[in-house]
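If you read the sequence shown in our numbering, its first letter stands for residue 24, the second for the next number, and so on. What follows is a set of notes on a single structure, which appears directly below.
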Amino acid sequence: MKSGLKVESDPRPILACTVCRDVQNFDLLIVDMEEVMGDQWGDLGFSDALTFFDQAEAQHLEFIALAIDDLDEDEPDLLKRVVIEAKKRGIRTLLIAEDVTPALLHQLLRMGADEFIPYPPPSGELMEIVETLRHAEEEAEVAPAQPEEQAPTLTAVPDPEPAAEQGQSVNLKKDAPEAHGVLIATHGLAGGVGASTLATNLAWEMATVSKKDSPSVCLIDFDLQFGSVSTYLDLPRRDAVLELLTDTESMDSESFGQALQKYEDALNVLTSPTDMVPLDLITNDDVQRVLDMACRHFDFVVVDMPTTIVQWTEVVLQAAHVYFALTDIDMRSAQNTMRMKRALQAEDMPFEKLRYVLNRAPKFTDLAGKSRVKRMSESLGISIEIQLPDGGKAIPASGDHGQPLALSASKNPLRREIAKLAKSLVELEEKSARVG
24 MKSGLKVESD PRPILACTVC RDVQNFDLLI VDMEEVMGDQ WGDLGFSDAL TFFDQAEAQH
84 LEFIALAIDD LDEDEPDLLK RVVIEAKKRG IRTLLIAEDV TPALLHQLLR MGADEFIPYP
144 PPSGELMEIV ETLRHAEEEA EVAPAQPEEQ APTLTAVPDP EPAAEQGQSV NLKKDAPEAH
204 GVLIATHGLA GGVGASTLAT NLAWEMATVS KKDSPSVCLI DFDLQFGSVS TYLDLPRRDA
264 VLELLTDTES MDSESFGQAL QKYEDALNVL TSPTDMVPLD LITNDDVQRV LDMACRHFDF
324 VVVDMPTTIV QWTEVVLQAA HVYFALTDID MRSAQNTMRM KRALQAEDMP FEKLRYVLNR
384 APKFTDLAGK SRVKRMSESL GISIEIQLPD GGKAIPASGD HGQPLALSAS KNPLRREIAK
444 LAKSLVELEE KSARVG
């Protein structure tokens, strides 16, 4: 390791450097840097990095590894300056963080940090990210040059419709047919069991299931108080959402489209309102109108439900083609599952619609864990049809990135299972349409 970046005596340029308070606090990062960069890397303090960026030697830098922990949260402005100045000079920033609040991570990512790696870093993660960055730069260098602008011809050609920008409102056809979309709901039977994660990633996987002919998908966040879909996709919350929900009687395709937002030109999203509002602010009729409007314009509608049971829960349950109830393998989830089952049976509601999903399921080799799942299923009198693996630290990191798992951790085991589920749902609907 080249401490202090004394490059004058070294003919080989420094291609990367760690930027941190004390690199010895990140000993595993030192090992990874030496494995990936050999001796062509150095270490700098936060203030030293800002000075070094202006030196001639900095022109060779491919990236910096900004390593921070909870003790660095007292200087957020200095950390932001490092990220911003690196971005100005075309230097990539890899954010290495340990015990740092999600708020600070989100701010640094918004300032321009390119990648996030939790500390201790997963095996081979740094190598994979650096190779990806280099491959992207090589592709950019060999890309063919754009042809020179030619003189305009006299033939009038209609302008193509512009692609929707991130967070832009959606233009919907006013003459849409009757409701035909498949309605899928996700409901967490306890806090933190992953219902919003499943809803967000399932909607994205269905919207991108095919490169040429993917179905149209709308994701609705009905957790009016603590909905996190907007955070998971880094979309702003709009006042138009609350205006829509409080006046559904006058809702039409145009007003519904104004409340929707486009994510990556593929997924249509109705976020939760800007402010926390009572769950009973909307009525059964309001919910039914929103669902009908969404199903009229989209092939699939995914609804993320609040954990709390409210009056209009029945509306979504009755309308849903699939209602996923998510649990964890713990006592609180088992107790809440039993309460949910009893409540639906007491009100003569279609509890048989519930499709139980076990998140953080035991691995194939965990025989004791699989035995616990079997006992849990038998004691509750339910069938756990879907078991999702534990995605690890990549799951909260994906939310901080504001990206679906397919974009932030495509090889994650949880992402792969959700992708399989999405593909099976799309294929089942296509088969059903052909038979119909």
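Just so you know, even glycine gets a beta-carbon here, dropped at the ideal spot from N, CA and C. This structure is a prediction, so every number in the text was calculated from the model and none was measured.
Open item on the list: Please state whether the Cβ-Cβ distance between Ala366 and Ile332 is less than 8 Å.
Closed with: As a first step, residue 366 is located in the sequence shown; it is residue number 343 there, counting from the start. As a first step, residue 332 is located in the sequence shown; it is residue number 309 there, counting from the start. Yes. Within cutoff.
Exercise. Are Leu302 and Pro329 touching if we call contact CB-CB under 8 Å?
Worked result: Position 279 of the sequence shown, counted from the start, is the residue given in the question as residue 302. Position 306 of the sequence shown, counted from the start, is the residue given in the question as residue 329. Cβ atoms of Leu302 and Pro329: closer than 8 Å.
Span of the alpha helix (DSSP H), counted from its first residue to its last, around Ala369: Here the question's residue 369 lines up with position 346 in the sequence shown. In the DSSP annotation of this structure, the continuous segment of the alpha helix (DSSP H) that includes Ala369 starts and ends at 354-369.
Got a sec? Which residues, its chain only, sit under 7 Å from Met60 by beta carbon, not counting five neighbours each side?
-> Position 37 of the sequence shown holds residue 60. Answer for Met60: Leu38, Ala39, listed in chain order.
**Asked** What are the partner residues of Leu117, as DSSP defines its beta bridges?
**Response** Position 94 of the sequence shown, counting from 1, holds the residue named residue 117. Under the DSSP definition of a beta bridge, Leu117 partners with Ala88, Glu138.
Applying the criterion that 16 or more other CB atoms from any shown protein chain within 10 Å of the CB defines a buried residue, is Leu428 buried or exposed?
Within the sequence shown, the letter at position 405 stands for residue 428. Buried is the call here.
Inset, instruction - Would you mind working out which of Leu102, Glu58, Thr254 sits nearest Cys43, comparing C-alpha positions? - result: The count along the sequence shown starts at 1 and reaches residue 43 at position 20. Selected option, being the one with the closest Cα: Leu102.
Q) Can Ile243 and Val326 be called in contact, C-beta distance under 8 Å? A) In the sequence shown, the residue the question calls residue 243 occupies position 220. In the sequence shown, the residue the question calls residue 326 occupies position 303. Yes. Within cutoff.
**Prompt:** Is the CB-CB distance between Gln475 and Arg35 below 8 Å?
**Reply:** An answer regarding residue 475 cannot be provided, because it is not within the stretch 24 to 459 covered by the chain.
| Val264: first and last residue of the uninterrupted beta strand (DSSP E) it sits in | Counted from its first residue, the sequence shown places residue 264 at position 241. Unbroken run through Val264 is the alpha helix (DSSP H), 262-268; no beta strand (DSSP E).
- Task: Would you please state the rounded distance, in angstroms, between the beta carbons of Asp208 and Asn359? I believe it to be under 8 Å.
- Result: Reading the sequence shown from its first residue, position 185 is the one you call residue 208. Reading the sequence shown from its first residue, position 336 is the one you call residue 359. The sequence as given places Ala at residue 208; Asp does not occur at that position. About 17 Å; that fails the 8 Å criterion.
Check your understanding: By the 10 Å Cβ neighbour count, where 16 or more other Cβ atoms means buried, how is Met354 classified, buried or exposed?
Key -> Here residue 354 refers to the residue found at position 331 when the sequence shown is read from its first residue. Taking all protein chains shown into account, Met354 has fewer than 16 neighbouring C-beta atoms within 10 Å of its C-beta and is therefore exposed.
- [ ] Helix, strand or coil for Asp423, going by three-state DSSP, please let me know.
- [x] The residue you call residue 423 lines up with position 400 of the sequence shown. Judged by DSSP in its simplified three-state form, Asp423 adopts helix.
Quick test of the definition: if touching needs 3 or more C-beta pairs under 8 Å, does the stretch 224-242 touch the stretch 282-291?
A contact is defined here as three or more CB-CB pairs under 8 Å, and the stretch 224-242 meets this definition with respect to the stretch 282-291.
Identify whether Thr223 lies in helix, strand or coil by the three-state DSSP scheme. Working through the sequence shown from its first residue, we reach residue 223 at position 200. In the structure shown, Thr223 sits in a helix (DSSP, three-state: H, G or I).
For Glu80, the nearest candidate out of Ile114, Leu52, Ala384 (CA to CA):
Position 57 of the sequence shown, counting from 1, holds the residue named residue 80. Residue Ile114 is the option with its Cα nearest to Glu80.
Check your understanding: Three or more C-beta pairs closer than 8 Å, one from the stretch 417-435 and one from the stretch 445-456: is that the case here?
Key -> Touching, no, given that fewer than three Cβ pairs across the two stretches are closer than 8 Å.
**Prompt:** Thinking C-alpha only, which one of Asp55, Pro412, Val449, Ile305 is nearest Arg439?
**Reply:** As a first step, residue 439 must be located in the sequence shown, where it is residue number 416. With distances taken between CA atoms, Arg439 lies nearest to Pro412 out of Asp55, Pro412, Val449, Ile305.
- Item | Simplified DSSP state of Glu160, which is helix, strand or coil | The count along the sequence shown starts at 1 and reaches residue 160 at position 137. Residue state, collapsed to three classes: helix.
Practice prompt. Report all residues from its chain with a CB closer than 8 Å to the CB of Val505; omit the five preceding and five following residues, and keep chain order.
Written response: Outside the shown range of the chain, which is 24 to 459, sits residue 505, and nothing can be said about it.
(message) In whole angstroms, give me the CA-to-CA distance for Gly215 and Lys454.
(response) On the sequence shown, residue 215 is found 192 positions in, with the first residue counted as 1. On the sequence shown, residue 454 is found 431 positions in, with the first residue counted as 1. Distance from the CA atom of Gly215 to the CA atom of Lys454, rounded to whole angstroms, is 34 Å.
Helix, strand or coil: how does DSSP classify Cys318 here? Numbered from 1 along the sequence shown, position 295 holds the residue referred to as residue 318. Reduced to three states, the DSSP call for Cys318 is helix.
Would you report the Cα separation of Gln284 and Ile119, rounded to the nearest angstrom? Residue mapping note: residue 284 aligns to position 261 of the sequence shown, counting from 1. Residue mapping note: residue 119 aligns to position 96 of the sequence shown, counting from 1. Ile119 has its alpha-carbon roughly 31 Å from the corresponding atom of Gln284.
Own chain, CB closer than 8 Å to Asn307, minus 5 neighbours either side, in chain order
Position 284 of the sequence shown holds residue 307. The answer, listed in chain order, is Gln334, Trp335, Glu337, Val338.
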